[in-house]
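Peer 1:
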Amino acid sequence: MTLESSCSLPAKPSATMVHWSAEEKQLISSIWSKVNVEECGAEALARLLIVYPWTQRFFASFGNLSSPTAIVGNPKVRAHGKKVLTSFGEAVKNLDNIKVTYAKLSELHCEKLHVDPENFRLLGDILIIVLASHFARDFTPACQFAWQKLVSVVAHALARKYH
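FYI, the numbering for the sequence shown is 3 to 165, going by my numbering.
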């Protein structure tokens with residue numbers, strides 16, 4: 003689904019203020035402090051492009067995306083994965099102001115890039131898998147809950163201009 007003609011989607015319930023418990027904040031920052039942004043970002047974006055191949059259409063300028071091996075080895079995928087996860091770090095730093103943090107990126111993805119906002123949710127789910135695989139011992143169910151909440155809030159913030 004492209005949104006070239008309009009950036010309107012059915013309204014979703016809006017979480018105007020997300021409450022983060024001290025434990026959730028601690029679990030998120032504890033994992034984030036161990037994340038290698040370059041490695042995990044590249045892996046998350048590569049997994050997105052491999053597992054959900056229709057997302058590749060938004061990355062036509064990246065060159066060879068013809069196979070999992072080509073995607074994983076593609077320097078543009080790696081660089082953009084790092085950029086995406088670096089941006090995600092802004093959410094970690096600004097847990098209480100995620101909507102404002104992502105306002106400009108939401109506008110860019112809606113109005114200029116026409117990215118299907120469902121892709122934000124898919125990438126969030128992929129990021130959970132990547133983090134769980136890298137930090138299995140520390141990625142407890144409570145930690146997963148906090149991170150799932152975070153990726154959901156980030157996806158919602160990125161999709162905000164579509165509403």
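Beta carbons are placed, not taken as given, at the ideal position from N, Cα and C, and that holds for glycine.
(1) Comparing alpha-carbon positions, which option in Thr71, Asp98, Val94, Val20 lies nearest Glu45?
(2) From what residue to what residue does the alpha helix (DSSP H) around Asn121 run?
(3) Taking only three categories from DSSP, how would you classify Gly65?
(4) Who are the near neighbours of Glu40 in its chain, counting only those whose CB is closer than 7 Å to its CB and skipping five residues on each side?
(5) With DSSP run on the structure shown, which of helix, strand or coil describes Ser23?
(6) Just to confirm, is the Cβ distance from Ile128 to Leu50 under 8 Å?
(7) For Glu25, count neighbouring Cβ atoms within 10 angstroms of its own Cβ and tell me buried if that reaches 16, exposed if not.
(8) Does the Cβ-Cβ distance between Phe64 and Lys78 come in under 8 Å?
(9) Counting only the same chain and skipping the five closest in sequence on each side, list residues whose C-beta sits under 6 Å from that of Gly43.
(10) Where does the unbroken alpha helix (DSSP H) through Gln150 begin, and where does it stop?
Peer 2: Inspection of the coordinates gives the following:
(1) The residue labelled residue 45 in the question sits at position 43 within the sequence shown. Of Thr71, Asp98, Val94, Val20, the residue nearest in Cα terms is Thr71.
(2) Residue 121 sits at position 119 when you count from the first residue of the sequence shown. Its alpha helix (DSSP H) spans residues 120-136.
(3) The residue given as residue 65 occupies position 63 in the sequence shown. If DSSP states are grouped into helix, strand and coil, Gly65 belongs with coil.
(4) In the sequence shown, the residue the question calls residue 40 occupies position 38. The answer, listed in chain order, is Lys84.
(5) By one-based count along the sequence shown, residue 23 stands at place 21. Here Ser23 sits in coil by DSSP.
(6) Along the sequence shown, one-based indexing puts residue 128 at 126. Along the sequence shown, one-based indexing puts residue 50 at 48. It is a contact, given that the beta carbons lie within the stated cut-off.
(7) Within the sequence shown, residue 25 is the residue found at index 23, counting from 1. Glu25 comes out exposed.
(8) Here residue 64 is taken as the residue at index 62 of the sequence shown, counted from 1. Here residue 78 is taken as the residue at index 76 of the sequence shown, counted from 1. Yes.
(9) As a working note, residue 43 is residue 41 in the sequence shown. The residues are Gly83, Lys84, Val86, Leu87.
(10) The residue labelled residue 150 in the question sits at position 148 within the sequence shown. Note, Gln150: alpha helix (DSSP H), 143-160.
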